[in-house]
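> So for the sequence shown, my numbering puts the first residue at 99; every next one is plus one. The beta carbon of each residue, even a glycine, is placed where N, CA and C say it ideally should be.
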Amino acid sequence: MPHLQPAHVLEEFASFLQNDVRAEIDDEFVDGQVGSMSSTMRYLSRQLRQKHEITVRQRDSLLEGLAAIEQDCDDPAVVESVAAAQERIERTPAEESTELETVLVSTCNDVLETIDAELEGDDAGSAREPLYDFLRVRVEGQLEMLGRDAP
Numbered sequence: 099m100p101h102l103q104p105a106h107v108l109e110e111f112a113s114f115l116q117n118d119v120r121a122e123i124d125d126e127f128v129d130g131q132v133g134s135m136s137s138t139m140r141y142l143s144r145q146l147r148q149k150h151e152i153t154v155r156q157r158d159s160l161l162e163g164l165a166a167i168e169q170d171c172d173d174p175a176v177v178e179s180v181a182a183a184q185e186r187i188e189r190t191p192a193e194e195s196t197e198l199e200t201v202l203v204s205t206c207n208d209v210l211e212t213i214d215a216e217l218e219g220d221d222a223g224s225a226r227e228p229l230y231d232f233l234r235v236r237v238e239g240q241l242e243m244l245g246r247d248a249p
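Below is the structure:
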């Protein structure tokens with residue numbers, strides 16, 4: 099059996115990998131990687147689009163709820179809190195989904211805290227109900243983004 103020079107075998111193998119195998123693998127690999135990146139970008143694009151749509155739905159629900167509270171509640175502190183929340187929401191660009199979502203949750207919490215501090219019993223429950231509707235819309239949207247059905 100002839101003696102093989104390890105350096106020569108390694109060099110030939112390296113050349114074979116570089117010139118013959120790599121060219122074939124690179125095309126498939128690059129195609130696979132490009133396909134994977136494209137698929138991931140489409141997925142992320144759909145997620146961002148869906149997040150925007152869901153956040154706009156939440157915004158509409160909260161503004162509707164705040165309008166209902168404003169119409170039905172006579173307490174000056176609650177009405178003032180609602181007006182401040184509406185103004186803050188209106189000032190937040192709808193295109194900025196992440197910022198808008200933060201503002202929606204924050205303003206909802208602020209109004210709920212004011213209701214808890216100023217109202218009692220059935221009056222408090224009635225004033226909270228439109229905000230609970232917003233929270234339901236929010237949870238349903240989050241479940242939708244996760245690919246799950248709302249309860």
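1. Does the Cβ-Cβ distance between Ile-187 and Arg-157 come in under 8 angstroms?
2. Counting pairs of Cβ atoms below 8 angstroms between the stretch 179 to 198 and the stretch 206 to 213, do you hit three or more?
3. Relative to the C-alpha of Asp-173, which candidate in Tyr-230, Glu-242, Ser-224 has its C-alpha closest?
4. Within this structure, are the beta carbons of Thr-153 and Ser-195 separated by less than 8 angstroms?
5. For Arg-155, I'd like the list of residues in its chain whose CB is within less than 7 angstroms of its CB, leaving aside the five on either flank, ordered along the chain.
6. For a test of the three-state rule: what should DSSP assign to Glu-194, helix, strand or coil?
7. Relative to the C-alpha of His-150, which residue among Ala-183, Cys-171, Glu-197 is closest?
8. Whose C-alpha, out of Gln-184, Leu-217, Ala-192, is nearest the C-alpha of Cys-171?
9. Please go through the same chain and pick out, in chain order, the residues whose beta-carbon is closer than 7 angstroms to the beta-carbon of Ala-183, but skip the five residues on each side of it.
10. Given this structure, state the Cα-to-Cα distance separating Arg-147 from Leu-160, to the nearest angstrom.
11. Tell me where the alpha helix (DSSP H) around Leu-229 begins and ends.
12. So Ala-175 and Pro-228 are in contact, right, with Cβ under 8 angstroms, and what is the actual spacing, rounded?
13. State the DSSP-derived secondary structure class of Cys-206, mapped to helix, strand or coil.
14. Return the CA-CA distance between Val-237 and Gly-219, expressed in angstroms with no decimal places.
15. Taking the alpha helix (DSSP H) that Arg-189 belongs to, which residues open and close that run?
Straight from the coordinates:
1. Yes, the pair counts as a contact, with Cβ atoms nearer than the cut-off.
2. yes
3. The alpha carbon of Asp-173 has as its nearest neighbour, out of Tyr-230, Glu-242, Ser-224, the alpha carbon of Ser-224.
4. Between Thr-153 and Ser-195, the gap from beta carbon to beta carbon is short of 8 angstroms.
5. The beta carbon of Arg-155 is closer than 7 angstroms to those of Val-235, Gly-239 in its chain, skipping five residues each way along the sequence.
6. coil
7. Nearest C-alpha to His-150 among Ala-183, Cys-171, Glu-197: Glu-197.
8. The shortest C-alpha to C-alpha distance from Cys-171 to any of Gln-184, Leu-217, Ala-192 is the one to Leu-217.
9. Leu-164, Thr-205, Asp-208, Val-209
10. 20 angstroms
11. It spans 219 to 243 - the alpha helix (DSSP H) in which Leu-229 sits, taken as one unbroken run.
12. The Cβ separation is near 17 angstroms, so there is no contact.
13. helix
14. Whole-angstrom Cα-Cα distance: 26 angstroms.
15. 174 to 189
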